[in-house]
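Participant: Chain order of the listed sequences is L and E. Its first residue numbered 982, the first sequence is counted upward by one per residue in the working numbering. Its first residue numbered 102, the second sequence is counted upward by one per residue in the working numbering.
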Amino acid sequence: MSSAVLLEKTAVELSDLLRNKEITSEEITKAFLKQINRIDDQVHAFLHLDEQDFLTQAKDSDKRRAQGKSLSPLDGIPVALKDVISVKGQPLTAASKILENYISPYDATVTRKLKEAGAVIGGRLNLDEFAMGSSTENSAFGPTRNPWNLNCVPGGSSGGSSAAVAAREVPLTLGSDTGGSIRQPASLCGVVGMKPTYGMVSRYGLAAFASSLDQIGPFSKTVEDAALLLEIISGHDPLDSTSFPTEVPSYTQKIHDPLAPCTLGLPKEFFGEGMDNEVRNSIEKAVEFYRSQGHRIVEVSLPTTDLAVPVYYVIATAEASSNLARYDGIRYTSRSNRAKNAVDVYAKSRGEGFGEEVKRRCILGAYGLSSGYYDAYYLKAQKTRTLIREDFNRVFKEVDAIITPTSPTPAFEFGSKSDDPISMYLSDIYTISTNLAGLPAISVPCGFTEANLPIGLQLIGPAFNESSLLKIAHAYDNEHKFGCVSPTLAKE
Amino acid sequence: MKYEAVIGLEVHVQLETNSKMFTRVPCGYGKDPNSLTDAVVLGLPGALPVMNYEAIEKSIKVGLLLGCKIADTCKWDRKNYFYPDMPKNYQISQFDQPICEGGEVEIEMPGESPAVMGKHRIVQLTRIHLEEDVGKLTHFENDSLVDYNRAGSPLLEIVSEPDLFSPEETFAYLTSLRNSLIYAGISACDMEKGQLRCDANISVRPIDTEKLGTKVELKNLNTISGVKNGVEYEIKRQIKAIEAGEEIFQETRRWNPEQRYTTSMRSKEMAHDYRYFPDPDLMPVKIDKSWIDKVKKELPEKPFDKQRRYMEEMGLPYSITSALCPDFSLCEFFEETTKLSNDPKKVGNWVVNGLLRELSASREKGKSISVKDSPITATHLAQLIELIEKGVVSNNVAKEIFPEMFSSGRSPEDLVKEKGLEVKSDQNEIESLCSKAIQEDPDAADKFRGGKEGAINALKGLVMKATRGQANPKVVDETLRRLLSK
């Protein structure tokens, strides 16, 4: 099988080929390695790749298979991780200069689970520094480019994770989503990206941005692939106190159960101004599809929608200001050589080591927690967060899922928003409220603009009901498979 | 003008738990620097805290013992500050919802003499909260080293009301609190190992006035006597300053135990804004009634309650109980022996005047044997008391063999037999010895016969000397009287 054909395969298809011994993990891994070497200098999805280690893991997988000891359907399938997820012995930079020389001495829980499933873990994927941003322009090591148009951003913060799948450099990746950092780049790169319910996937080993919002989730070509990867990484972890003790259903099996007619809600507040017309048309077509399949479409109201962005920027930055305090130049982080005393070590190391956006958010967050401001900012934001959660709970009494666009616009050009933080923050306007409410949400490719840029459909479900959300998403994706359309760049 | 000091104490106690507060690494003292660490202790990217329930349970125990109100949820906050003693640059602590509120500590002031009980008083507590301990910094001329072995160990902060009014009360409070904590098995409270640390808030005001003076926080009080000396110095400093017309500034001062004075560390203007907020990595832990009930069952008797029981129910003198009760293990030994011997007064006397002395002697010799490792067991001591009771050995002989029981760990029966130290009660032998004594000292015999009662003692002394103290004194007395009346 030619490597060009292999790159187009979904993870589920690759898994079948491996199981039927039509191909080896080594062949698969070599095909993707070749693709990375061919185009990643243009895409720049990868910050680091240990090719030798990548191939050794693939060979180990083949040995296991030859002995009939394959570990899971994911055994032998390459998976690359956003550079905030720890892998023992690998760098973890969070795309920040301050962690430039840090090697993680331990595996994140998701990494351990992937290893136990036999996945071939390769490469560290680019992001906005410490996952703060919506374009990957905030990476200290240069931006990632959108494989559909190299002049456009791939979205962010998990832009490396979305671009790598879109460029066919790897079939599956993991990212993290704090306010849309999986779904928005998935939408902008034309791939599937899912943020699970808060507490569904362990955060142990994920360099924290905002602890009460962060979740790790999968990127893939199809919803079915996302289900496969999510099934492996989900589940209660005693090392993460916020991980929820619940059984993980077999998403890959449940996804094929027939979908009973359901009710889908369109929140009227999401369909107001600011939405690109091509995006609107595309979403309306997707809604029509569901209607034609016998599902009921109703308008719903989420009145707290416009509060989500301000609430998010108080809570997320407050947590970040504290979470990032450990990067101080004292121990494993780079120390400024201009530091002359202890206070200098902090101020200069952080001043030199952090980028503008990270500094902006740390200062903003510290301000909101300061004595005299706490009640007006942090406390008020927490109370409003409860209202946002209640809004969703109320709507989910009536509907099985909520349909919205993932992003108000398709991929935008480099530099077009980087000087205007507020307009950048608004790229996450449709995704942020689900993080505040802790809900699962998935972005599914739903077509292209005239300029051939991908558009994403967002489906939001009730907490801990990934099964049903995946099934609803799969119903659309299985009929359209926009995520299986490759950009020209990816084709040889 | 006369002044009165008002003092509140913040006491930090390291809880004795198997592992640290938020990870599986063990707690420990004196290990190689930074050997008791892992990703969580070092605050590596991605590491997350997981609550150690043992630390919560021990905190509940302290709260119940001191009569506090126990919170129904145990909630965590982050205290943010940049300092290398905390790898995350924030400390997980409790801000607005401490695990215990209120409570009290009974204290005893020194009596007129060691044999007389002093005045008792109740000192009110404000709150007790749980937090993680920080690392230890060692400063050198040009650089500083940090050891994170202590970082992340569970630490209780016990805050008293400004309810202490002299260095002596402060000392009494700390002593009493320490005893209670040791009783409850919370901590060994060894100040030298940093298991118990203390800061004091001190102000002075003219006597008989209500308004509190400006308070100064005093740090580095690392021994119980250091607390007393530091507080004493600081009170004098403040009074002197006020009398000289100076203003007292709200500041933090450091006690220098070698030079015995306090120096300013930082003023109020330099006080930190800790930006407290609930720790999003930890879920609040519910403390339900059944948990509290379970802990209640494990509560020890309080030290002063025990002392009162010993005095009232067992008839022990104050001087014995005041030596016994501060030492929980000694009390345990005492009660175990009492169960076997049924004469608490005698047991108390032997434990305090016998065992306690041997134990301190061992400390002076640098061997430092604890009660728990005492070579004299409760059974041995009970046997010894029984031997005296039955008249097998005299009190003097018992005192003589006690040090050997301690050094060899052998039973008193063994030792008495081996050395032939049993009391001699054989009538014929004693009669012949008595006759011999009368012949040796006819003067004394005559005097006795002439009505001088005390003269018989000289004769008894001769018999005892001849038997090396082993003759049964009662038999000797009877025999002499009988012979002399002939």
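Think of the CB as a built atom: it goes at the ideal place given N, C-alpha and C, for glycine as much as any other residue.
State the Cα-Cα distance for the pair L/Ser1352 and E/Glu318, rounded to the nearest angstrom.
Facilitator: Computed Cα separation, rounded: 21 Å.
Participant: Between L/Ser1201 and L/Val1146, which are expected to be in contact by the criterion C-beta below 8 Å, what is the C-beta distance as a whole number of angstroms?
Facilitator: Sure, about 6 Å apart at Cβ, within 8 Å.
Participant: Would you verify that the beta carbon of L/Arg1342 is, or is not, closer than 8 Å to some beta carbon of chain E?
Facilitator: Not an interface residue.
Participant: Cβ closer than 7 Å: which chain E residues qualify as neighbours of L/Gly1186?
Facilitator: Those within 7 Å of L/Gly1186 in chain E are Gly147.
Participant: Alpha carbon to alpha carbon, how far is L/Tyr1232 from L/Gly1104?
Facilitator: Going from the Cα of L/Tyr1232 to the Cα of L/Gly1104 covers about 26 Å.
Participant: Establish whether the CB of E/Asp234 and some CB of chain L are separated by less than 8 Å.
Facilitator: Closer than 8 Å: no.
Participant: Please report the Cβ distance between L/Arg1045 and L/Asp1056, rounded to the nearest whole angstrom; I am assuming they are in contact, meaning their Cβ atoms lie under 8 Å.
Facilitator: Right, their Cβ atoms sit about 7 Å apart.
Participant: Using 10 angstroms around the beta-carbon of E/Leu238, count the other beta-carbons present and answer buried if the total reaches 16, otherwise exposed.
Facilitator: Exposed.
Participant: Which of the three DSSP states, helix, strand or coil, is assigned to E/Met506?
Facilitator: E/Met506: helix per DSSP, three-state reduction.
Participant: When Cβ atoms are compared, which residues of the stretch 238-249 of chain E fall closer than 9 Å to chain L?
Facilitator: Answer in chain order: Ser245, Val247.
Participant: Runs of 4 residues minimum, wholly inside the stretch 299-373 of chain E: which ones carry the alpha helix (DSSP H) assignment?
Facilitator: The qualifying runs are 325-344.
Participant: Closer than 7 Å by beta-carbon distance: list the chain E residues that pair up with L/Asp1309, in chain order.
Facilitator: In chain order: Phe183, Asn190.
Participant: Find the residues of chain L that neighbour E/Arg179, judging by a C-beta separation of less than 7 Å, and give them in chain order.
Facilitator: Result: Ser1303.
Participant: Can a CB atom of chain L be found closer than 8 Å to the CB of E/Ala106?
Facilitator: It does not; no Cβ of chain L falls within 8 Å.
Participant: Answer with buried or exposed for E/Arg550, where buried requires no fewer than 16 other C-beta atoms within 10 angstroms of its C-beta.
Facilitator: Answer is exposed; the Cβ neighbour count stays below 16.
Participant: Does L/Arg1312 come within less than 8 Å of chain E when only Cβ atoms are used?
Facilitator: So yes, L/Arg1312 belongs to the interface.
Participant: Whose C-alpha, out of L/Pro1248, L/Thr1314, L/Leu1209, L/Ile1296, is nearest the C-alpha of L/Pro1284?
Facilitator: Nearest option by C-alpha distance: L/Pro1248.
Participant: Under the criterion of a Cβ to heavy atom distance below 7 Å, does L/Thr1415 qualify as lining the ligand SAH?
Facilitator: Inclusion of the ligand SAH in the displayed structure is not the case, the ligand content being empty and no account of it being possible.
Participant: Which same chain residues end up closer than 6 Å to L/Tyr1191 when comparing Cβ atoms and leaving out the 5 residues on each side of it in sequence?
Facilitator: Strictly speaking, residue 1191 of chain L in this sequence is Ala, with Tyr absent from that position. Hits under 6 Å: Thr1159, Ala1297, Glu1300, Ala1301.
Participant: For a quick check, are the C-beta atoms of E/Ile193 and E/Ile171 less than 8 Å apart?
Facilitator: It is not a contact, given that the beta carbons lie outside the stated cut-off.
Participant: So that I know if they touch, is there some Cβ in chain L lying closer than 8 Å to that of E/Arg376?
Facilitator: So yes, E/Arg376 belongs to the interface.
Participant: Looking at the C-beta of E/Ala140, does it have a partner C-beta in chain L at a distance below 8 Å?
Facilitator: Chain L contact via Cβ: present.
Participant: Do E/Gly492 and E/Val524 come within 8 Å of each other at the CB atom, strictly closer than that value?
Facilitator: Result yes, Cβ atoms of E/Val524 and E/Gly492 sit closer than 8 Å.
Participant: DSSP on L/Asp1206, reduced to helix/strand/coil?
Facilitator: DSSP places L/Asp1206 in helix when its eight states are reduced to three.
Participant: Over the uninterrupted alpha helix (DSSP H) stretch that includes E/Phe429, give me the two end residues.
Facilitator: Where E/Phe429 is concerned, the enclosing alpha helix (DSSP H) stretches over 429-442.
Participant: At least one CB of chain E closer than 8 Å to the CB of L/Leu1080: is that the case?
Facilitator: True, the Cβ-Cβ gap to chain E drops below 8 Å.
Participant: Establish whether the CB of L/Ala1299 and some CB of chain E are separated by less than 8 Å.
Facilitator: Yes, its Cβ sits closer than 8 Å to a Cβ of chain E.
Participant: Sort E/Leu278, E/Lys312, E/Thr315 by Cα distance to E/Leu297 and report the nearest one.
Facilitator: The candidate whose alpha carbon is nearest that of E/Leu297 is E/Leu278.
Participant: Bridge partners for E/Val452 per DSSP, in chain order?
Facilitator: Looking at the DSSP assignment, E/Val452 forms no beta bridge with any residue, so it has no partner.
Participant: Please tell me whether L/Thr1365 has its Cβ less than 8 Å away from any Cβ of chain E.
Facilitator: Not closer than 8 Å to any Cβ of chain E, the Cβ of L/Thr1365 fails to qualify, so no.
Participant: Given this structure, state the Cα-to-Cα distance separating E/Leu221 from L/Ser1224, to the nearest angstrom.
Facilitator: The sequence given here has His at residue 221 of chain E, not Leu. Those two C-alpha atoms are separated by around 51 Å.
Participant: Of all the CB atoms in chain L, is at least one closer than 8 Å to the CB of E/Pro127?
Facilitator: So, not an interface residue.
Participant: Flag L/Leu1220 as yes if its beta-carbon sits less than 8 Å from any beta-carbon of chain E, otherwise no.
Facilitator: It does: the Cβ of L/Leu1220 has a partner Cβ on chain E nearer than 8 Å.
Participant: Quick one: does E/Gly144 have its CB under 8 Å from some CB of chain L?
Facilitator: With 8 Å as the cut-off, E/Gly144 counts as an interface residue toward chain L.
Participant: Output, in sequence order along the chain, the residues in the stretch 1031-1052 of chain L whose CB is closer than 8 Å to any CB in chain E.
Facilitator: Under the 8 Å Cβ criterion, the stretch 1031-1052 of chain L contributes no residue.
Participant: Just checking: is the beta-carbon of L/Leu1028 within a distance shorter than 8 Å of some beta-carbon in chain E?
Facilitator: No, because no Cβ of chain E sits closer than 8 Å to the Cβ of L/Leu1028.
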